[in-house]
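Numbering (my numbering), first residue to last: 1053 to 1367.
Heads up, the beta-carbon is just placed ideally off N, CA and C, and yes, glycines get one too.
Since the model is a prediction, treat every value here as computed from it, not as a measurement.
As structure tokens, this is what we get:
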């Protein structure tokens, strides 16, 4: 088979293996910072490498920001984190002129204080907006201009053009409707979108072990099982993310230094009540309390669940 030679003498496709190896090496370096998520990581990397902005949809604690931070670190570009809420006005996002200096000097480039959007564009960094659907509509309209034109017009300061590595990244929890607004079709049309769900049991155990440094596999397994059970409980409209299991293990380890080993099951319950009660939400139609639901899950896990070895009940 003949090899195609381009007019400048370059052999077509000769660099492809090198480029592919470099891309895979970069992917592997980023993957070392994330537990699991191999396919999701490939998709996010493909989108940002292609110059696209991306929206990650999924519940909290599903490694969304971890993936994006790892990519920005690997690329060597700044990472700007902004929380979407009602206070994220266009002025906060884009920037403003220093009022005191304006009174003294009038408007000028020197007294403009850049917001995170302008900072990210000028630095060629990643701007990551958490809870995008909590941001006001006029703020989202500012983002549309930045995404479409890769530039924003700042009144009395001129036009800010983004460096090539600038990316707009965002996340949202589609299952939490409190304090959120519907994302319009025009906003959705600008993003590449990826749904990110909870990881499986094995990966969540690995996350908890890594984040806590705990070598007690049984404790880690108990924490993950109890936390995962909150997501399927019929009286809860929201369960806990893996962050609850991380805190549960960390608290239980400290409690074990204060109490006797015979209290182990009770230690897990006390740690679960502390770690999970604020992270779950009881359904409005239920009269249960978070404490009652967590206690029920704990009892089912240790004493009633057919897939778990029975243990002696402790007082």
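- Message: From the DSSP secondary-structure annotation, give me the bridge partner or partners of residue 1182.
- Response: Taking the first residue of the chain shown as 1, we reach residue 1182 at position 130. According to DSSP, residue 1182 bridges with 1135.
- Message: Quick check on residue 1348: does DSSP put it in helix, strand or coil?
- Response: Translated into positions along the chain shown, residue 1348 becomes position 296. Here residue 1348 sits in helix by DSSP.
- Should residue 1165 go down as buried or exposed, given a rule of 16 or more other Cβ atoms within 10 Å for buried? Position 113 of the chain shown holds residue 1165. Residue 1165 should be labelled exposed.
- Message: Let me confirm a value: residue 1132 is counted as buried when at least 16 other C-beta atoms fall within 10 Å, else exposed. Which label applies?
- Response: In the chain shown, residue 1132 corresponds to position 80, counting from 1. That one is buried.
- Item | Whether residue 1325 touches residue 1311 by CB criterion (8 Å) | Residue mapping note: residue 1325 aligns to position 273 of the chain shown, counting from 1. Residue mapping note: residue 1311 aligns to position 259 of the chain shown, counting from 1. Cβ atoms of residue 1325 and residue 1311: not closer than 8 Å.
- residue 1310 - DSSP class collapsed to helix/strand/coil: Residue 1310 sits at position 258 when you count from the first residue of the chain shown. Coil.
- Query: Does the Cβ of residue 1070 have 16 or more other Cβ atoms within 10 Å, making it buried, or fewer, making it exposed?
  - Reply: Position 18 of the chain shown, counting from 1, holds the residue named residue 1070. Burial call: exposed.
- Query: Is it buried or exposed for residue 1339, if we count other Cβ within 10 angstroms and need 16 for buried?
  - Reply: As a first step, residue 1339 is located in the chain shown; it is residue number 287 there, counting from the start. Exposed.
- Among 1187, 1116, 1182, 1146, which one has its Cα closest to the Cα of residue 1205? Within the chain shown, residue 1205 is the residue found at index 153, counting from 1. The residue with the shortest Cα to Cα distance from residue 1205 is 1146.
- Use the C-beta contact count for residue 1355: other C-beta atoms within 10 angstroms, 16 or more gives buried, fewer gives exposed. Stepping through the chain shown from its first residue, residue 1355 is reached at position 303. Flag for residue 1355 reads exposed.
- Task: Rounded to whole angstroms, what's the CA-CA distance from residue 1183 to residue 1170? Just pull it up for me.
- Result: Position 131 of the chain shown, counted from the first residue, corresponds to residue 1183. Position 118 of the chain shown, counted from the first residue, corresponds to residue 1170. Cα-Cα distance, rounded: 20 Å.
- Task: With DSSP as the reference, please indicate the residues paired to residue 1106 in a beta bridge.
- Result: Along the chain shown, one-based indexing puts residue 1106 at 54. Looking at the DSSP assignment, residue 1106 forms a beta bridge with 1221, 1244.
- Message: Is the separation between the beta-carbon of residue 1244 and that of residue 1094 shorter than 8 Å?
- Response: Counting from one through the chain shown, the residue named residue 1244 turns up at place 192. Counting from one through the chain shown, the residue named residue 1094 turns up at place 42. Going by C-beta atoms, residue 1244 is not nearer than 8 Å to residue 1094.
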